[in-house]
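Contents: one structure, followed by commentary.
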Amino acid sequence: MAYSRFNKRIVLIDGDDPEQVAFALSEGDELDTLMVLVNGDPLGLMRTHGRRFYFDQNSVLVDRFGIHNVPAVVSRADPFMHVEEVVVP
222 MAYSRFNKRI
232 VLIDGDDPEQ
242 VAFALSEGDE
252 LDTLMVLVNG
262 DPLGLMRTHG
272 RRFYFDQNSV
282 LVDRFGIHNV
292 PAVVSRADPF
302 MHVEEVVVP
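For the record, in the sequence shown the residue sitting at position 38 is 259 according to our numbering, with numbers rising by one throughout.
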């Protein structure tokens with residue numbers, strides 16, 4: 222039986238792309254969504270938007286979930302994690 226207590230969605234984005242930042246901010250609040258940068262300045266974005274941004278150091282999440290393009294949304298789909306690479310206009 223697979224079990225995970227991780228219930229948040231993970232949105233991976235390029236923090237230097239304003240469209241991707243806007244997409245991530247529209248995806249949910251801090252209670253249900255974790256915003257992770259693959260590129261960019263997390264501290265600068267935190268100051269600008271008043272939200273927490275994390276950085277995927279050493280591409281750990283990108284490698285673990287096999288992500289090739291960002292933005293990407295990782296969500297729980299028991300017993301697996303669902304990865305969706307999104308096209309932002």
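Every residue gets a Cβ at the ideal spot worked out from N, C-alpha and C, and that includes glycine.
Residue i - DSSP class collapsed to helix/strand/coil
i	result
Phe244	helix
Met222	A caution first: Met222 carries a pLDDT of 49, below 50, which makes its placement in the model unreliable, though a value can still be read off. Note: Met222 maps to coil in three-state DSSP.
Met281	The sequence given here has Val at residue 281, not Met. It is helical.
Phe274	coil
Met227	With the sequence shown as reference, residue 227 is identified as Phe, and Met is not the correct amino acid for it. In this structure, Phe227 counts as coil in the three-state DSSP scheme.
Residue span of the alpha helix (DSSP H) that contains residue i, given as start and end
i	result
Leu266	Pro263 to His270
Contact under 8 Å by Cβ, residue i with residue j
i	j	result
Leu255	Gly236	no
Val309	Ala293	no
Phe244	Ile234	yes
Asp277	Val257	yes
Rounded separation between residue i and residue j - CA only
i	j	result
His303	Ile231	10 Å
Pro263	Leu246	13 Å
Val295	Ile288	10 Å
Gly249	Pro300	23 Å
Gln241	Val291	8 Å
Met222	Ser280	Caution is warranted here: a pLDDT of 49 is assigned to Met222, below 50, making its placement in the model unreliable, and the coordinate value is therefore given only provisionally. Cα to Cα, the separation comes out at about 28 Å.
Segment limits, beta strand (DSSP E) that includes residue i
i	result
Ser260	The sequence given here has Asn at residue 260, not Ser. First-last of the beta strand (DSSP E) with Asn260: Thr254 to Asn260.
Val304	Phe301 to Glu306
Val295	Ala293 to Ala298
DSSP beta-bridge partners of residue i
i	result
Asp237	Bridge partners of Asp237: none, in fact.
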